[in-house]
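The sequence shown begins at 368 in this note's numbering and counts up by one.
To start, the structure under review is shown below, and the notes come after it.
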Amino acid sequence: MNELREAVNELEAALKRLEDSVEDLTGRRSPTRQVHAEAEALRRDRAKLALDLDASRAREKELEALADEASRALGVAIAEVKAALKTQPSSH
368 MNELREAVNE
378 LEAALKRLED
388 SVEDLTGRRS
398 PTRQVHAEAE
408 ALRRDRAKLA
418 LDLDASRARE
428 KELEALADEA
438 SRALGVAIAE
448 VKAALKTQPS
458 SH
């Protein structure tokens with residue numbers, strides 16, 4: 368019976384050492400996990416920003432095309448007004 372009690376005590380001591388080791392490892396890895404989680408969050412943010420930038424560049428190109436079209440239309444309108452003014456007789 369004494370041997371059994373001694374074996375149980377040794378087992379409990381071994382389990383305690385194992386638990387302590389696991390806690391130490393978890394404690395050491397926790398900052399590493401946090402760094403990895405933060406890095407992953409930064410990667411996701413970067414990917415989102417890249418998509419936003421691509422969308423902004425596409426919108427910029429659309430706006431430039433619209434501005435060019437408006438400029439051409441304005442140029443045509445100015446030319447038509449000038450031509451109409453030249454064909455009218457002077458009132459001096």
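Built from N, CA and C at the ideal position, the CB exists for glycine as well.
Nothing here was measured: the structure is a model prediction, and the numbers come from that model.
To the nearest angstrom, report how far apart Leu378 and Arg372 are at their CA atoms.
-> Straight-line Cα distance between these residues: approximately 10 angstroms.
If you draw a straight line from the C-alpha of Ala425 to the C-alpha of Leu418, how long is it?
-> About 11 angstroms.
Out of curiosity, what's the CA-to-CA distance linking Glu447 and Asp421?
-> Spanning the two alpha carbons is a distance of roughly 39 angstroms.
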